[in-house]
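Here's the structure, in C-alpha cells; my notes come after.
In our numbering, the protein residues as written are 291 to 595.
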C-alpha cells in the first residue's frame, strides 16, 4: 500500500519540499516502505480565498507559475487551501484567485474547500479540479462524517479529534478517501478553533482590500492570541491527538488509511523538516538524512532549476 503524505507548503516551504522530493528520488532506500508525496498544500500571498493560516507578501506571477511547474513536472499536485469561511458572493470573482486556478487547471492540481458557495463556484467554473473537504468544517458527528464521505470529494480531511477514536475509525467507510492530520498543534476539543479560522479569514480579506489601495503601508492582521500555532514537533508528541509513525505503519495503514497530512504552513523549515524525518525516514537513517538535507539547503545544492 502507498502511504501518501500531504505536505506544507508549496510557497513558504518551496525549496524544502522540492529538495525532499529530489532526495527521495535519489535515496528511496532511506525512506519507509510505500512512502509517497501525495500533494503539497498551501496558497500564494494575498489570495482572498485562502484560509487556515494567514499569508501575506508579494510574488511575481512568473514565479508563481514556476512553482506550480516545478512540483507538477515531478508529478506532485499543488493543493490550494481555499478554506476561508467568510467568502462572499462578490469575492467569487476575485481576479487573482481565478487566474491562479486557471493556470493550475491541468488535471493534477487540487483545492481544499470550506465554503459551500465557493465549492459550487469551483465545480461550475473549474469542473476538472479535484476537491478535498476541509478539516476546518469541524465535523465531529459520525453520521455527518459518513455523509461527507459519500459526497463527490477526492478526499475528506477528518477532524483531528477523531485521530485516535478507533470506535469511529474502525467502522468508517471508504478509509482510502479519509485524510488524517497527524501532528496537530491545537488543544483537543478547542472551543476557540472556529473563531480562530474566522479571524484568519477576516484578516486575509482585509489584507486583500488593503493591497488594492496601494498605500505602501504594511497591514497588521487581526490579533488573535493562540499559544499553540508555533509548537514544534516534540511539543505535540504527548498530545492525545498525535499519531506516531509506528501507529501509521503498524495500525492505520493496515486498517486501510492511506492519506496523512503533516501540519506546518506557518512554522520554520527546520521544524517542518523534523516532521518529515520523524514520519517518513527509516529510523536507522534519520541522522544521516537530516544532515544531508540541511547541507543541501544550506549550501544551496541545485536539485531543481
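Beta carbons are placed, not taken as given, at the ideal position from N, Cα and C, and that holds for glycine.
Note on geometry: alpha-carbon atoms of residue 535 and residue 347 lie some 34 angstroms from one another. In this structure, the beta-carbon distance from residue 328 to residue 549 falls below 7 angstroms. In the structure shown, residue 549 adopts extended strand secondary structure according to DSSP, grouped into three states.
For the 7 angstroms CB-CB criterion, residue 361 and residue 391 do not form a contact.
Ranking 477, 394, 583 by CA distance to the CA of residue 354 puts 394 first. With contacts defined by Cβ atoms closer than 7 angstroms, residue 408 and residue 377 form a contacting pair. With a 10 Å radius around the Cβ and a threshold of 16 neighbouring Cβ atoms, residue 494 comes out buried. Closest by C-alpha distance to residue 508, out of 389, 515, 500, is 500.
Within the segment 307 to 333, the beta strand (DSSP E) runs of at least 3 residues that lie entirely inside it are, in chain order, 325 to 332. When C-beta atoms of the segment 555 to 569 are compared with those of the segment 296 to 304, three or more pairs fall below 8 angstroms, so the two segments count as touching. With fewer than 16 other Cβ atoms inside 10 Å of its own Cβ, residue 410 counts as exposed. About 20 angstroms separates the beta carbon of residue 397 from that of residue 371, a gap too long to meet the 8 angstroms contact definition. With respect to residue 529, residue 512 sits apart: the two C-beta atoms are not nearer than 7 angstroms. If you check the CB distance, residue 555 and residue 324 do not come in under 7 angstroms. Judged by DSSP in its simplified three-state form, residue 387 adopts helix. Residue pairing by DSSP places residue 423 opposite 403, 446 in a beta bridge. Of all alpha-carbon atoms in 345, 568, 458, 446, the one lying nearest the alpha-carbon of residue 510 is that of 345.
The residues 436, 439, in chain order, have a CB closer than 7 angstroms to that of residue 463 in the same chain once the five nearest residues on each side in sequence are set aside. In the three-state reduction of the DSSP assignment, residue 557 falls in the coil class, being assigned neither a helical nor a strand state. The C-beta distance from residue 449 to residue 430 rounds to 5 angstroms, short enough to fall under 8 angstroms.
In the DSSP assignment, residue 571 forms a beta bridge with 321.
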